[in-house]
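Residues 1 to 67, numbered by full-length UniProt numbering, are exactly what the sequence shown covers, in order. Beta carbons: idealized from backbone N, C-alpha and C, even for Gly. Structure first, then comments.
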Amino acid sequence: MKVLLHYLGKIPAFPAYLIMMMAGITAIGGCLAMLSAPSIKNLIMFCVGLLILGIVGVAKINSQYEE
Numbered sequence: 001m002k003v004l005l006h007y008l009g010k011i012p013a014f015p016a017y018l019i020m021m022m023a024g025i026t027a028i029g030g031c032l033a034m035l036s037a038p039s040i041k042n043l044i045m046f047c048v049g050l051l052i053l054g055i056v057g058v059a060k061i062n063s064q065y066e067e
C-alpha cells in the first residue's frame, strides 16, 4: 500500500484532481442512485467512487510530506 501511495503521489496535481473529481461524481451518483433504487450495483458504484477518491487524496497529501 505504501508503494501504491508513493507512485500515486507522483501524479501531477491537475490530473490527480481530475481523477478525484470524477471519483467524487461517481460516489455522488451512486448515492443518488441508492436513494431511488437500492441495489448491489449502485452500492458498488458508491463504494468504488469513495475508494478511488480516498486513495488518490491520501496519496497527494502523503506526497507533500515525503522527503
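Backbone secondary structure at Met1 - three-state DSSP: Three-state result, Met1: coil.
query: For the 8 angstroms Cβ check, are there 3 or more pairs between the stretch 30-38 and the stretch 4-19?
result: Segments in contact, no.
query: chain D beta carbons: is any one of them nearer than 8 angstroms to that of Gly49?
result: No chain D appears in the structure shown, which is made up of a single protein chain.
- prompt: What runs of the alpha helix (DSSP H), each 4 residues or longer, lie entirely inside the stretch 5-43?
  reply: 13-36
- prompt: Does the distance from the CB of Ile52 to the CB of Ala23 come in under 8 angstroms?
  reply: yes
query: Alpha carbon to alpha carbon, what distance is there between Gly57 and Phe46?
result: 16 angstroms
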